[in-house]
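For the sequence shown, position 409 (counting from the first letter as 1) is numbered 406 according to the numbering used here, and the numbering increases by one without interruption. Let me begin by presenting the structure, written as structure tokens, before commenting on it.
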Amino acid sequence: MPSAPDDLFAKFLALGYVAPDDLKEMKERSSALGIPLSEAALLADRLHPDARAWILSEALGIPFVEVEPESISLDLAHLFPETLAREKRIVPIAREGDRVTVAVNDPFCHGAFAVLEEMTGFSLRMVMCPGGTIGGILARFYPDPSGLKPFDLGEGSICREEAGKWLSEGGMKRVCGQILLHAASRGMSGLRMSPVGRDVVIEGRSDAKPVRLLSFPLRFRKPLFDAFLELAGVPGGSELPPETVFHLESETGVVSLQASFLRGLSGPEVIVKILPDLRTGISLDSVGFNPDQLDVTEKVLRKGNGLFLVSSPGPEGVATTLFAMLREGYRPGLRAVTVEERHRFRNEGYIQLDRRQAEERFSGDWSRLAESLEPDILIIEHLPDPAALADLLHLAQAGTLVLCGIRRFNFDRALRTLLTINVDPFILAHVMRLVLHQRLVKLLCMECRRPVPARPSLRMVGERYRGELERIVADASFYLPSGCPKCGGTGYSGRMALFELIPFTPGVQNIVASEGTLEEKLSRLMEEDFYSAAQSVQEMLRRGMVTYEDVAPFFR
């Protein structure tokens, strides 16, 4: 690259494109290495972006011009599509007949130039301009309806220059979207838009501490509120949802967000939670299966089709298990659709709906959802109507892997519901893959648990467990929760999922498809291929990790 003249770097210095100390260091490096000053400057990465563009223009022989945005005729604004001009930062600055001079900051947008020439029929001539100048021309050509100007932007951790660039690229909506992506890229958990004095401030949350990102004069509060509504896909003038989930694309992937819109006494506010990506954070071997249960669950998931039913006595824990199963069954190229009670985390590559969205779009009809979205894998966190299991069986029969949760059911009720749905028993036997029941148990705080001398009653224990439990009762100590500073006075240190499951092996399939009564089938199923949680629970009792009352349901 030819060396830039000394007066060029003198101009950079005068414009503030390079610091005096940095320029001195770059000259020393240029002399020591025997390379041109411009090359040393680029290698040091100490130059303002406009200075780098200027050096590039010198090397390529492309004019670098400085113009005042107000000097550019507004008659040129209609020559190019606004979206393309904003996205590629290409603006017309002069026209002579069918020849248009365009200003750019990046001279390598070859595809965009070809598209513009084909669309408009003009011949393009290129010059390079400072990024701020291009932003000013864009703002002049396509003024933001809110009236927001770069000088209205109040700096926080986001500088005015960067926010002004966003404003020139797409107005208020673009600014709000980029603020959200900025917060996500910095690992923040969310942000809030609210009034502070005469400003409206957007603050991020980082390590539970507020961080001011950007501020605006208070008169822009409603336009900001409306811009966030538009980003979230909430129709204008509609009743505000309690919360809504939406997605933004960045250069590094998709960011999922959950927004709450409030119209309080002090005016509108926005609270946005950035949903963490736990794709790699939850694996099947981390949710609580014992080795035998894990092995058989992995085997049936590898079939890649069928219906899996997960029941639970309460509302918690089912989503974690279903998503761990989904990750085990997912393969690149498959289309996974999730219907969730509420979004707790994001999964890039999956189509995520909350149940309210699914009900509005498909009226609770799973066949309609499948016809519209064509999932290879469908996960439903909670099935409100157990009768809909028949429809899901038919979807699974057609080749979809269906993972379904059902709440406030014990294992016996889940099996009875499944065996009595209105479907051919042969289809049920050969499409169903696994019935799984999970229960979350609280783990005692090992620092403050207190022993109890009384032995638990085994009156309600089933015969199959009585012998082993009698030995545990004779040898083990039993504990109750107490409370200490370490556990926050609760007496517990966390929770753990315990599982019972029946895989639909050939023996189980024969029982389900047989002509026996419901009670006969249930009895035979429990003897045929039932994977109990008893082994895990017995070990936890021996180690004093749980109270007997919390795990007693596993021994009935």
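Just so it is clear, CB atoms sit at the ideal spot from N, CA and C, and this is done for glycine as well.
Can you look up ILE90 in the DSSP assignment and give me helix, strand or coil? In the sequence shown, residue 90 corresponds to position 93, counting from 1. Looking at ILE90 - three-state DSSP - the assignment turns out to be strand.
With DSSP as the reference, please indicate the residues paired to PRO448 in a beta bridge. Sequence index remark: in the sequence shown, residue 448 carries index 451 (1-based). Per DSSP, TYR476.
By DSSP, does ASP196 sit in helix, in strand, or in coil? In the sequence shown, residue 196 corresponds to position 199, counting from 1. Three-state result, ASP196: strand.
Could you check if PHE9 is buried or exposed, using at least 16 other CB atoms within 10 Å of its CB as the buried criterion? Along the sequence shown, read from residue 1 onward, the residue named residue 9 stands at position 12. Classification of PHE9: buried, given that the 10 Å Cβ count is 16 or more.
Can you give the beta carbon distance from LEU211 to GLY153, rounded, assuming they're within the 8 Å contact cut? By one-based count along the sequence shown, residue 211 stands at place 214. By one-based count along the sequence shown, residue 153 stands at place 156. The pair is a contact, with the Cβ atoms about 5 Å apart (cut-off 8 Å).
In whole angstroms, what is the alpha-carbon distance linking ALA74 and ARG83? As a working note, residue 74 is residue 77 in the sequence shown. As a working note, residue 83 is residue 86 in the sequence shown. Distance between the alpha carbons of ALA74 and ARG83: 12 Å.
Touching or not, the segment 217 to 227 and the segment 302 to 315, by the rule of three or more beta carbon pairs under 8 Å? no
Starting from the N-terminal side, write out each stretch of the alpha helix (DSSP H) that is 4 residues or longer and does not extend beyond the segment 474 to 530. 503 to 510, 515 to 525
For VAL231 and PRO273, what's the separation of their Cα atoms in angstroms? By 1-based counting over the sequence shown, the position of residue 231 is 234. By 1-based counting over the sequence shown, the position of residue 273 is 276. Taking the straight line from one Cα to the other gives about 22 Å.
CB-CB under 7 Å to THR502, same chain, minus the five flanking residues each way: which ones, in chain order? Taking the first residue of the sequence shown as position 1, residue 502 is located at position 505. Same-chain partners within the cutoff: ASP526.
Cα-Cα separation between ARG163 and ALA395, rounded to whole angstroms: Here the question's residue 163 lines up with position 166 in the sequence shown. Here the question's residue 395 lines up with position 398 in the sequence shown. According to the sequence provided, residue 163 is Trp. The question's Arg does not apply to it. Between TRP163 and ALA395, the C-alpha separation is close to 47 Å.
With respect to the alpha helix (DSSP H) encompassing THR317, which residues constitute its N-terminal and C-terminal limits? Stepping through the sequence shown from its first residue, residue 317 is reached at position 320. Residues 315 to 326.
Report yes if the C-beta distance between GLY187 and VAL242 is below 7 Å; otherwise report no. The sequence position of residue 187 within the sequence shown is 190, counting from 1. The sequence position of residue 242 within the sequence shown is 245, counting from 1. Contact flag unset, no.
Which ranges would you report for the beta strand (DSSP E) in the segment 111 to 152 if only whole runs of at least 3 residues count? 120 to 125
In whole angstroms, give me the CA-to-CA distance for GLN435 and ASP204. Locating residue 435 in the sequence shown gives position 438, counting from the first residue. Locating residue 204 in the sequence shown gives position 207, counting from the first residue. If I take the Cα positions, the gap works out to 33 Å.
For LEU150, which option in SER54, GLU497, VAL198, PRO104 has the closest C-alpha, if you only look at C-alpha atoms? As a working note, residue 150 is residue 153 in the sequence shown. Comparing Cα positions, the closest option is VAL198.
Grouping DSSP H, G and I as helix and E and B as strand, with all else coil, what is HIS567? Because the chain in this structure spans residues -2 to 553, residue 567 falls outside the shown range and cannot be described.
Cα separation between LEU30 and GLY13? Here the question's residue 30 lines up with position 33 in the sequence shown. Here the question's residue 13 lines up with position 16 in the sequence shown. The alpha-carbon atoms of LEU30 and GLY13 are separated by roughly 26 Å.
By DSSP, does PRO17 sit in helix, in strand, or in coil? In the sequence shown, the residue the question calls residue 17 occupies position 20. In the structure shown, PRO17 sits in a helix (DSSP, three-state: H, G or I).
To the nearest angstrom, report how far apart PHE222 and MET322 are at their CA atoms. Within the sequence shown, the letter at position 225 stands for residue 222. Within the sequence shown, the letter at position 325 stands for residue 322. Approximately 39 Å between the Cα atoms of the pair.
Strand pairing of PRO265, partner residues [DSSP]: Numbered from 1 along the sequence shown, position 268 holds the residue referred to as residue 265. In the DSSP output, where bridge partners are listed per residue, PRO265 has ARG260.
Per-residue DSSP class, three states only, for ALA180: Counted from its first residue, the sequence shown places residue 180 at position 183. Helix at ALA180.
Sorted by chain position, which residues of the same chain lie with C-beta nearer than 6 Å to HIS244's C-beta, five sequence neighbours on each side aside? Taking the sequence shown and counting its residues from 1, the one referred to as residue 244 is at position 247. For HIS244, where only same-chain residues beyond five positions count, the Cβ hits under 6 Å are VAL251, SER253.
CB contact flag (ALA426, VAL293, <7 Å): Numbered from its first residue, the sequence shown carries residue 426 at position 429. Numbered from its first residue, the sequence shown carries residue 293 at position 296. No; because the gap between Cβ atoms is not below 7 Å, this pair is not in contact.
Which residue comes first and which comes last in the beta strand (DSSP E) that contains SER309? The residue given as residue 309 occupies position 312 in the sequence shown. First-last of the beta strand (DSSP E) with SER309: 303 to 309.
Ends of the alpha helix (DSSP H) at SER364? Translated into positions along the sequence shown, residue 364 becomes position 367. Taken as a continuous stretch (DSSP letters only), the alpha helix (DSSP H) holding SER364 covers 363 to 370.
On the three-state DSSP scale, how would you describe LYS300? Indexing the sequence shown from 1 puts residue 300 at position 303. Here LYS300 sits in coil by DSSP.
Endpoints, alpha helix (DSSP H) assigned at ASP72: Here residue 72 corresponds to residue number 75 of the sequence shown, with the count starting at 1. No alpha helix (DSSP H) contains ASP72, which DSSP labels as neither H nor E.
Among GLU55, ALA100, PHE552, which has the Cα closest to the Cα of VAL64? Within the sequence shown, residue 64 is the residue found at index 67, counting from 1. The option with the nearest alpha carbon to VAL64 is ALA100.
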